[in-house]
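Asks: One structure coming up, written as structure tokens, with questions to follow.
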Amino acid sequence: MVANGDAPARGSAAAAASLRRRRTTSSGTGGGGASTMLQFYTDEAAGRKMSPNSVLIMSIGFIAVVALLHVFGKLYRTSA
Amino acid sequence: MSNRSKFWRLAALVPEVQCPDQPISPRQKFKYTAIVLFIFVTASQVLLYGIQHQPRTIEPDPLHWLHLILASSRSTLLSHGIVAILVPEVLVKIWVYLKIITLDTSAPETGVLMNRAQRLLGILVAILGAVNFYVRSQHFTVNTVLIMLQILCSDIIVIYLDDVLRKGYGLLSGISLFTATNICVNILWKAFSPMSVMYPEQSPEFEGAVIAWVHLLMTRTDKLSAMSKAFYRQNLPNIINFLATCLFVPLAIFFQGFYIVLPVRTRRNFQAYCHIKLSHFLYGPVVLHRLLLPLPYVASKVLYKKYSGNTLVNLLGKWDGLNHFGQSIPVGGIVYYLRTPPILADLHRDPFHAFIYVAFVLISCVFISMGLMVCASSKGVFNGFVVLNMQEERRLRLAQPDSIHANEIRRHVMRAACVGGFCAGVLIIFADLIGVFCSGTGIMLAVTASYPYVDGRASEVGSFGF
């Protein structure tokens, strides 16, 4: 029973996406053309994945590189 | 189908952070959020390599509000702040409303598609930001290439930090977290900054209000004049501003708790309660009001410097740089009436100015709130405004005579949007008159951005509070 008549309240897009992804994979276990089509889209939609740790390491690495640029820039200026 | 396939292939080129395969403990969430915040704050302090750093000027930045909202710091790695994640978020919502993008809610890949579209847009915004720097510098050297690369990489890093938080590894969404952090750092800096500001023909003064107070009391023999200067100085943050900030923060937090209960009649003569939280209507007017207001300021200032004798330019705004510690402020024209009266005493000296200012702020906040409500009425976003009380849903009761039909929810929400916009305007006016740090707008931004975590709805709320 829908209480307010409209669509029920839903969470954020990310939560809805993960929920739908779970449904798709579960329905993908069955056979048939439609399931194959959905499975095809799901596989292509996966794309490349990165772990949050690699994102954090990449960010810290970039800031460290810029800081090193400052250090070497000053060393080069004093030596010249 | 072919267009979709092409877009899929293009979007698949952009890697994204994987969703957590198991629920993350709150301790680990806090750890991830702390690391992301540390990276963000550090990046906002590291200067761009290769740029010519100008000495720090006392003249206020005309884009001060933009920097607050976008959490950006000039000449640092975060020159553009969170533009790369805020602009796609707003653009996608506007496009959904204008039917440029039609959401197929039945398709399972809609959420994935929207996320990838926003990320692609963010990277495009980052590239445009880097190109914008090249256009502004107007010459091409090795330093220019280095600076463009730094800006591009910084924006991409902001995009992925937000993605980490958004996928469930953090406590808040990136936009709320970065904006709130930037404003809090600014407030603390104004209160406790150890930096000294040099004035010609005067002794140096500390920038922080509390530090200056202690320093004046310790160094001056005349305690009364020291106290008076610490409390009422106009050129730098003072103790009155500090006390006003301490008063305003609890007030803004208190406003977040308001909500209206609507008894909604469902089918078969049952009713349930929907909560319309007023805080949902505070964030939008606060942000957009301060985003749009500087535009006539900057236009008037630039025009006045070039064509100060023109009648139309004078009508728009007259500017005066004397007698204001080197700051150029409007002294006439339309822009003058849109400016906050500096102190409470000005309400008596210039009542017409005060009236115009109050009316302008209140009316503009109400209209912005209603406009945002209309934009948010697309199917996926509308339900965020009306928080259905899940506890009540299980024990539905018989319909009472005062219950309203489900079709009337929208009209009541629009009415609540008016009230919310009005409250936002009142808060802005009150805060600006008592002179809080970073203005009431900044504090309300920080409070509104952080409140969903206190409220326990952190995972449900995106940017702009819904």
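Heads up: the protein sequence lines correspond to chains U and R, in order.
Remember, our numbering sits 20 above the position in the first sequence when you count from 1.
Remember, our numbering sits 552 above the position in the second sequence when you count from 1.
Backbone N, C-alpha and C fix where the C-beta goes; we use that ideal spot for every residue, glycine too.
How about Ile727(R) and Ser79(U): are their beta carbons less than 8 Å apart?
Replies: Their beta carbons are not under 8 Å apart, which means Ile727(R) does not touch Ser79(U) by this criterion.
Asks: Buried or exposed for Tyr784(R), going by 16 or more other Cβ atoms inside 10 Å?
Replies: Answer is exposed; the Cβ neighbour count stays below 16.
Asks: When you compare each of Leu914(R), Ala778(R), Leu855(R) to Glu757(R) by their alpha carbons, which one comes out closest?
Replies: Here the closest residue by C-alpha is Ala778(R).
Asks: Just to confirm my understanding: we take Ala782(R), look at its own chain, exclude 5 residues before and 5 after, and list those with CB closer than 7 Å. What are they?
Replies: Answer for Ala782(R): Ala764, Trp765, Leu768, Asn790, Ile791, listed in chain order.
Asks: Measuring straight from C-alpha to C-alpha, what distance separates Val737(R) and Phe982(R)?
Replies: In a straight line, the C-alpha of Val737(R) is about 22 Å away from that of Phe982(R).
Asks: Give the straight-line distance between the Cα atoms of Ala65(U) and Cys571(R), rounded to the nearest whole angstrom.
Replies: Residue placement at Ala65(U) is poorly supported in this model, since its pLDDT is 49, which falls under 50; the coordinates are not used for a value here.
Asks: Of the choices Ile83(U), Leu88(U), Leu95(U), whose alpha-carbon is the least far from that of Ile703(R)?
Replies: Ranking the options by Cα distance to Ile703(R), first place goes to Ile83(U).
Asks: Determine, using beta-carbon pairs with one atom in the stretch 697-715 of chain R and one in the stretch 967-987 of chain R, whether at least three such pairs fall under 8 Å.
Replies: Contact fails: fewer than three Cβ-Cβ distances are below 8 Å.
Asks: So the alpha helix (DSSP H) Phe989(R) belongs to, where does it begin and stop?
Replies: Phe989(R) -> no alpha helix (DSSP H), and no H or E assigned at all.
Asks: Who are the neighbours of Leu89(U) on chain R, taking C-beta pairs under 7 Å?
Replies: Within chain R, the residues near Leu89(U) are Tyr601.
Asks: I want to verify the contact list: residues of chain U whose CB lies under 9 Å from the CB of Ile709(R), in sequence order.
Replies: In chain order: Val75, Met78, Ser79, Phe82, Ile83.
Asks: Give the range of the alpha helix (DSSP H) segment to which His767(R) is assigned.
Replies: Residues 761-771.
Asks: In angstroms with no decimal places, state the Cα-to-Cα distance between Thr62(U) and Asn667(R).
Replies: Here the model assigns Thr62(U) a pLDDT of 46, short of 50, so the residue's position is not dependable, and the following value carries that caveat. About 14 Å.
Asks: Go ahead and pull the three-state DSSP assignment for Val569(R).
Replies: Here Val569(R) sits in strand by DSSP.
Asks: With a CB to CB cut of under 8 Å and the five nearest residues on each side skipped, what residues in its chain are close to Val762(R)?
Replies: Around Val762(R): Ala743, Phe744, Ile791, Phe794.
Asks: According to DSSP, Leu855(R) sits in a beta bridge with which residue or residues?
Replies: DSSP output for Leu855(R) lists no bridge partner at all.
Asks: Between the C-alpha atoms of Tyr686(R) and Ala796(R), what's the straight-line distance to the nearest angstrom?
Replies: Spanning the two alpha carbons is a distance of roughly 43 Å.
Asks: Can you tell me which of the three DSSP states Ser46(U) falls into?
Replies: Note that Ser46(U) scores a pLDDT of 36, beneath 50, so its modelled location is shaky; the value from the coordinates is reported in the next line. In the structure shown, Ser46(U) sits in a helix (DSSP, three-state: H, G or I).
Asks: State the Cα-Cα distance for the pair Ser631(R) and Ser596(R), rounded to the nearest angstrom.
Replies: Looking at the two C-alpha atoms, the distance is approximately 8 Å.
Asks: I want to see whether chain U comes within less than 8 Å of Cys705(R), judged by CB atoms only; does it?
Replies: Cβ-Cβ to chain U under 8 Å: yes for Cys705(R).
Asks: So Val569(R) packs on Val677(R), CB below 8 Å; how close in whole Å?
Replies: Actually they are not in contact, since the Cβ atoms of Val569(R) and Val677(R) sit about 19 Å apart, beyond 8 Å.
Asks: How would you call Thr1019(R), buried or exposed, if buried means at least 16 neighbouring beta carbons within 10 angstroms?
Replies: Residue 1019(R) lies beyond the stretch modelled for chain R, which goes from 553 to 1018, so this question has no answer here.
Asks: Would you mind telling me which residues of chain U sit closer than 8 Å to Thr696(R), beta carbon to beta carbon, in chain order?
Replies: Chain U residues near Thr696(R): none, gap ~15 Å exceeds 8 Å.
Asks: Please compile the residues from chain U whose C-beta is within a distance smaller than 7 Å of the C-beta of Val569(R).
Replies: Residues of chain U passing the Cβ test: Met70, Pro72, Val75.
Asks: In terms of alpha-carbon separation, which member of Leu788(R), Asn734(R), Val566(R) lies closest to Val664(R)?
Replies: Nearest option by C-alpha distance: Val566(R).
Asks: Would you identify the three-state DSSP class for Thr693(R), choosing helix, strand or coil?
Replies: Residue state, collapsed to three classes: coil.
Asks: Does any residue of chain U have a CB that is nearer than 8 Å to the CB of Thr585(R)?
Replies: It does not; no Cβ of chain U falls within 8 Å.
Asks: Could you please give the first and the last residue of the uninterrupted alpha helix (DSSP H) stretch that includes Ile634(R)?
Replies: That residue, Ile634(R), is in no alpha helix (DSSP H); it is neither H nor E in DSSP.
Asks: Indicate whether at least one CB of chain U lies closer than 8 Å to the CB of Lys702(R).
Replies: Sequence inspection shows Gln at residue 702(R); the Lys mentioned does not correspond to that position. It does: the Cβ of Gln702(R) has a partner Cβ on chain U nearer than 8 Å.
Asks: Within the present structure, is the beta-carbon of Cys975(R) separated from the nearest heavy atom of the ligand NAD by less than 7 Å?
Replies: This structure lacks the ligand NAD, and indeed carries no ligand of any kind.
Asks: Is the distance from the Cβ of Ile995(R) to the Cβ of Ala682(R) below 8 Å?
Replies: Cβ atoms of Ile995(R) and Ala682(R): not closer than 8 Å.
Asks: Rounded to whole angstroms, what's the CA-CA distance from Ser577(R) to Leu638(R)? Just pull it up for me.
Replies: Going from the Cα of Ser577(R) to the Cα of Leu638(R) covers about 28 Å.
Asks: Can you find a CB in chain U that lies within less than 8 Å of the CB of Tyr909(R)?
Replies: No, Tyr909(R) does not count as interfacial toward chain U.
Asks: Note down, in chain order, each residue of its chain lying with its Cβ closer than 7 Å to the Cβ of Tyr889(R), except the 5 sequence neighbours on either side.
Replies: So the qualifying residues of the chain are His905, Ile908, Tyr909.
Asks: What would DSSP say about Ser748(R), mapped onto helix, strand or coil?
Replies: Strand, per DSSP.
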